[in-house]
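Trainee:
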Amino acid sequence: MRVIKFRARHKINKTWWYGVKTEILGNDLEFSLFFKQIHDGILDIQTLTEFTGLLDKNGKEIYEGDIVKFKIISGERKEIIVFEGGCFLHRNR
Numbered sequence: 033m034r035v036i037k038f039r040a041r042h043k044i045n046k047t048w049w050y051g052v053k054t055e056i057l058g059n060d061l062e063f064s065l066f067f068k069q070i071h072d073g074i075l076d077i078q079t080l081t082e083f084t085g086l087l088d089k090n091g092k093e094i095y096e097g098d099i100v101k102f103k104i105i106s107g108e109r110k111e112i113i114v115f116e117g118g119c120f121l122h123r124n125r
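Here the working numbering is used: the first residue of the sequence shown is 33, the next is one more, and so on.
What follows is the structure in C-alpha cells.
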C-alpha cells in the first residue's frame with residue numbers, strides 16, 4: 033500500500049500537522065482538509081514537505097528538508113534531504 037504523507041507547520045503554535053492519503057482507503061477528505069488549512073493560511077506553505085517513505089534508525093519518518101547524519105569512512109556527514117529528478121536525495125547543506 034502506498035501512503036502519501038505531507039507535513040506543514042502551524043503558523044501560530046508551530047506544531048507539525050500531517051496530511052495522509054492511502055490509495056487503498058482513498059482517504060480524500062482528511063487529505064483535502066489538510067491542504068485547505070494551507071490554502072486558508074493556517075499552515076505555513078513554506079514548511080510543506082513530503083514523506084520520503086524512509087525511516088531513520090529510531091523509526092522516525094524522514095521528510096524532505098530534514099537534516100540527516102550518517103557515517104562515512106572518514107567520520108560523519110550531515111546533509112539535507114531534497115526531491116530532485118523524480119527522487120529523494122541527500123545533498124550538502
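Beta carbons: idealized from backbone N, C-alpha and C, even for Gly.
Give me the Cα-Cα distance between Y95 and F67, rounded to the nearest whole angstrom.
Mentor: As a working mapping, residue 95 is identified with position 63 in the sequence shown. As a working mapping, residue 67 is identified with position 35 in the sequence shown. Spanning the two alpha carbons is a distance of roughly 17 Å.
Trainee: Decide yes or no for the touch test of the segment 67 to 78 against the segment 104 to 120: beta carbon pairs closer than 8 Å, at least 3 of them.
Mentor: No: the two stretches stay apart, fewer than three of their Cβ pairs being nearer than 8 Å.
Trainee: Ordered along the chain, which non-local residues of its own chain (more than five positions away) have a Cβ less than 8 Å from that of R154?
Mentor: Outside the shown range of the chain (33 to 125) lies residue 154, about which nothing can therefore be said.
Trainee: Please name the residue in C119, V114 and G51 whose C-alpha comes closest to that of I36.
Mentor: By one-based count along the sequence shown, residue 36 stands at place 4. Nearest C-alpha to I36: G51.
Trainee: Any idea which residues DSSP pairs G117 with across the strands?
Mentor: Your numbering for residue 117 matches position 85 in the sequence shown. None; G117 has no bridge partner.
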